[in-house]
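*Asks:* Let me give you the structure first, and then I'll get to my questions.
This is how it looks when you write it as structure tokens:
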């Protein structure tokens with residue numbers, strides 16, 4: 001095993017979601033182990049304050065995970081993965097369609113300074129690309145903008161390939 005990845009799905013999604021499944025397959029092919037956490041029970045409450053429960057579940061899993069560790073997530077999964085880096089030791093962060101702020105939740109997107117790749121759709125209907133560009137620029141993150149919407153469904157294979165390149169750079 002080279003390292004371990006924890007992959008976090010978005011709201012209204014599941015651990016079997018297309019992007020995180022493709023990423024897990026790439027990680028395994030490269031000799032990394034991975035796990036896909038399930039947040040559906042928390043998401044079912046529809047209470048924005050429960051974001052902290054998602055973060056806590058991820059932090060607990062990260063503390064129990066083998067090292068070195070990479071956190072990755074899509075949308076809400078990206079948001080909590082970023083916040084979790086403030087509490088856990090990890091070597092990389094891979095974010096897809098990260099919300100910079102959540103209406104009704106007091107914490108804006110924050111992450112420890114570590115190797116980070118962000119993939120975002122130019123036509124994201126939920127999270128303006130300009131907000132993600134600004135956030136990534138302030139951190140000097142590797143940002144990839146694609147001709148897609150929030151789900152990045154036209155770029156699943158591309159996302160998985162970029163995740164593989166990201167893991168390779170960390171080795």
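Residue numbers (the UniProt record's numbering): 1 to 171. By construction, the Cβ of each residue, glycine as well, lies at the ideal position given by its N, Cα and C atoms.
#1: Given 8 Å as the limit, is there contact between the region 108 to 126 and the region 146 to 163, that is, 3 or more CB pairs closer than that?
#2: May I ask which residues mark the beginning and end of the beta strand (DSSP E) holding residue 63?
#3: Am I right that residue 183 and residue 81 are in contact with their C-beta atoms under 8 Å? What's the rounded C-beta distance?
#4: Pick helix, strand or coil for residue 76, following the three-state DSSP scheme.
#5: Under 8 Å between the Cβ atoms of residue 37 and residue 97?
#6: Is the beta carbon of residue 142 within less than 7 Å of some heavy atom of the ligand NAP?
#7: Please classify residue 155: does DSSP put it in a helix, a strand, or coil?
#8: Would you call the CB atoms of residue 86 and residue 110 closer than 8 Å?
#9: Beta carbon of residue 141, beta carbon of residue 22: below 8 Å?
#10: Measuring alpha carbon to alpha carbon, tell me which residue in 11, 108, 139 is nearest residue 46.
#11: Tell whether a beta-carbon distance below 8 Å holds between residue 8 and residue 69.
#12: Counting only runs of 3+ residues fully inside the region 75 to 139, write out the beta strand (DSSP E) ranges in chain order.
#13: Identify whether residue 2 lies in helix, strand or coil by the three-state DSSP scheme.
#14: Less than 6 Å between C-beta atoms, sequence neighbours within five positions excluded: which residues of the same chain meet that for residue 155?
#15: Would you say residue 5 and residue 72 are within 8 Å of each other, going by their C-beta atoms?
*Replies:* Put simply:
#1: yes
#2: Counting along the chain, residue 63 falls outside any beta strand (DSSP E), though it belongs to the alpha helix (DSSP H) covering 51 to 64.
#3: Absent from the model: residue 183. The displayed extent of the chain is 1 to 171, so no value can be given.
#4: helix
#5: no
#6: For the structure depicted, the ligand NAP is absent and the ligand set is empty, with no information on it obtainable.
#7: helix
#8: yes
#9: no
#10: 11
#11: no
#12: 92 to 96, 116 to 121
#13: coil
#14: 146, 148
#15: yes
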